[in-house]
Amino acid sequence: MAAVRLHNAGDRLGAAAHFRAANVASIGVWFRKVVGPYDERIHGPKLSVLNPPKLPLEQRMRPRMVSAADKRAIIARDGFHCRFCDMPVAPKATIKTIAASYPEDAPWSDVASEQHLFFQAANLQYDHLLPHARGGESNVSNMVVTCAVCNYGRMSNTLEESLLFDPRSFPVRRTDWDGLQSFVR
Ligand SMILES: [Zn+2]
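For the sequence shown, position 23 matches number 36 in the working numbering, and the numbering has no gaps at all.
Right, here's the structure in full:
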């Protein structure tokens, strides 16, 4: 937020310093641990029987991707915090816009190792509560805003398998964090 405020006030050096300060190695370590190879201590014991089962690709609900209108509705409902861990998140389009303006200080690329580490973790996801691989639909009622760590870390496990509460039964977190939507190009 401070970086965006400084940028909007014309202080590019100040904004750049804040973007660099948020590119923290420990966030990257955390991200890779959760997202990386299966680890029972993080992801829980592997289950031998899945209920509902993991579906073959051709049996999964279509379309896989949520529509633009549904994305807008999900953000209008959930705002810009992860519904599991409350971390502030920002849409990928916004992250890319900032990266285009600050390529050295807030880098972004399709290659994970070249991404700014806060933005990598805070990359807004439209996460299926009942995973798509388990028969979940790509619609507003089955999807919530999450951070990349929670989305990738859960893999295709159900809420129950991940020992997570259903976030739909908890209030949405509202702060002055706006997903960096105020960033002026
Ligand atoms: Zn999260």
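Glycine included, each C-beta is placed from N, C-alpha and C at the ideal position.
Inter-residue spacing [alpha-carbon to alpha-carbon] between residue i and residue j
i, j, result
"V62", "E173", "13 Å"
"C160", "D179", "16 Å"
"G166", "M74", "22 Å"
"M78", "A16", "32 Å"
"D24", "V158", "31 Å"
"H20", "M14", "10 Å"
"K46", "A125", "14 Å"
"P171", "Q194", "A small correction: the amino acid at residue 171 is Thr; Pro does not occupy that position in the sequence shown. Distance between the alpha carbons of T171 and Q194: 31 Å."
Reduced DSSP secondary structure (H/G/I, E/B, other) of residue i
i, result
"V197", "coil"
"V7", "For residue 7 there is no data in the structure shown, the boundaries of the chain being 14 and 198."
"P180", "helix"
"R75", "coil"
"D83", "helix"
"G23", "coil"
Assigned exposure category for residue i - 16 Cβ within 10 Å defines buried
i, result
"R198", "exposed"
"A38", "exposed"
"Q133", "buried"
Chain-order list of residues whose beta-carbon lies under 6 Å from that of residue i (same chain, five-residue window excluded)
i, result
"M100", "C160"
"A30", "none"
"I40", "L130, F131, A134"
7 Å CB neighbourhood of residue i in its chain, flanking five on each side removed
i, result
"N155", "H141, L142, L143, G149"
"P104", "L137, G192"
Beta-carbon proximity list for residue i, same chain, < 8 Å, skipping 5 on both sides
i, result
"L68", "A146, R147, G148"
"L60", "E174"
"D91", "V157, V158, V185"
Problem - beta strand (DSSP E) runs contained entirely in the stretch 91-147, provided each spans 3 or more residues - result: 138-141
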